[in-house]
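J.: Residues in the sequence shown are numbered from 3 upward in steps of one, following our numbering.
Glycine included, C-beta positions come from ideal geometry on N, C-alpha and C.
One structure is given below, represented as structure tokens, and several questions about it will come after.
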Amino acid sequence: MVRVHDGKAELLTDLDNEADTITIETDRFSTYAIVWQDVADADGGIVRVRVENGGNKESGGKDNEPKTGDATPIELAVTLSMIAGFTYLLLYFADRRRGMTEGTKKELISHLVAWGKRGGRIRRYLALAAIFILLVYNHSIGKKPAQNGKRFMENK
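Below, the structure written as structure tokens:
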């Protein structure tokens, strides 16, 4: 095995005596290459060494992906992000006349605070999350247009 790190090539030797595996130890993230030398067998012919990957679970799993030990559920995070994005777009293009006024917002928040205080820790966290979502919605896209401007323009 050859490791190329910072432009310098270094030969790494196999640490086990198994003919079917190559075992190395390294402490660097570098470029690695498998190299071999043709050797003569007892009859004087050349023996060619071939390296294969069977695609089984022990050799890296599906699509020859290496085992990294990272168990992060990427699919879940991507799905939740897409749902959040689509929800934002739906709310953004929704009819703005159905938004909420400041009075409605304050009333909903006071009800959520009272509901959270009546329960335990989980209920408080749920109330806090609901208040956060309500405020994000209201301050980004859910505000109802002020009626004062219309009344002022009608009186002129």
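1. Use the C-beta contact count for residue 19: other C-beta atoms within 10 angstroms, 16 or more gives buried, fewer gives exposed.
2. Quick one: using the 10 Å Cβ neighbour count with 16 as the cut-off for buried, is residue 118 buried or exposed?
3. For residue 159, which residues in the same chain have their Cβ closer than 8 Å to its Cβ, ignoring the five residues on either side in sequence?
4. Which whole-angstrom value is the C-beta distance of residue 111 and residue 135, which I expect to be below 8 Å?
5. Quick check: what's the CA-CA separation for residue 84 versus residue 103?
6. Mind reading off the beta-carbon distance from residue 13 to residue 4? Whole number of angstroms is fine, and I expect it under 8 Å.
7. Could you compute how far the alpha carbon of residue 73 sits from the alpha carbon of residue 125?
8. Could you tell me the distance, in whole angstroms, from the CA atom of residue 16 to the CA atom of residue 34?
9. Just checking my contact of residue 139 with residue 93 at CB under 8 Å: how many whole Å lie between their CB atoms?
T.: To lay it out plainly:
1. Looking up residue 19 in the sequence shown gives position 17. Looking at its Cβ environment, which holds fewer than 16 other Cβ atoms inside 10 Å, residue 19 is exposed.
2. Numbered from 1 along the sequence shown, position 116 holds the residue referred to as residue 118. With at least 16 other beta carbons inside 10 angstroms of its own, residue 118 counts as buried.
3. Residue 159 lies beyond the residue range present for the chain, which begins at 3 and ends at 158; the question has no answer from this structure.
4. By 1-based counting over the sequence shown, the position of residue 111 is 109. By 1-based counting over the sequence shown, the position of residue 135 is 133. Rounded, the Cβ-Cβ distance is 11 Å, inconsistent with contact.
5. Reading the sequence shown from its first residue, position 82 is the one you call residue 84. Reading the sequence shown from its first residue, position 101 is the one you call residue 103. Going by the C-alpha atoms only, they are around 29 Å apart.
6. Taking the sequence shown and counting its residues from 1, one reaches residue 13 at position 11. Taking the sequence shown and counting its residues from 1, one reaches residue 4 at position 2. Between residue 13 and residue 4, the beta carbon gap of about 6 Å places them in contact (Cβ cut-off 8 Å).
7. Taking the first residue of the sequence shown as 1, we reach residue 73 at position 71. Taking the first residue of the sequence shown as 1, we reach residue 125 at position 123. Those two C-alpha atoms are separated by around 29 Å.
8. Within the sequence shown, numbered from 1, the residue matching residue 16 stands at position 14. Within the sequence shown, numbered from 1, the residue matching residue 34 stands at position 32. For residue 16 and residue 34, the distance between alpha carbons rounds to 13 Å.
9. Along the sequence shown, read from residue 1 onward, the residue named residue 139 stands at position 137. Along the sequence shown, read from residue 1 onward, the residue named residue 93 stands at position 91. Residue 139 to residue 93, Cβ: 7 Å. Contact.
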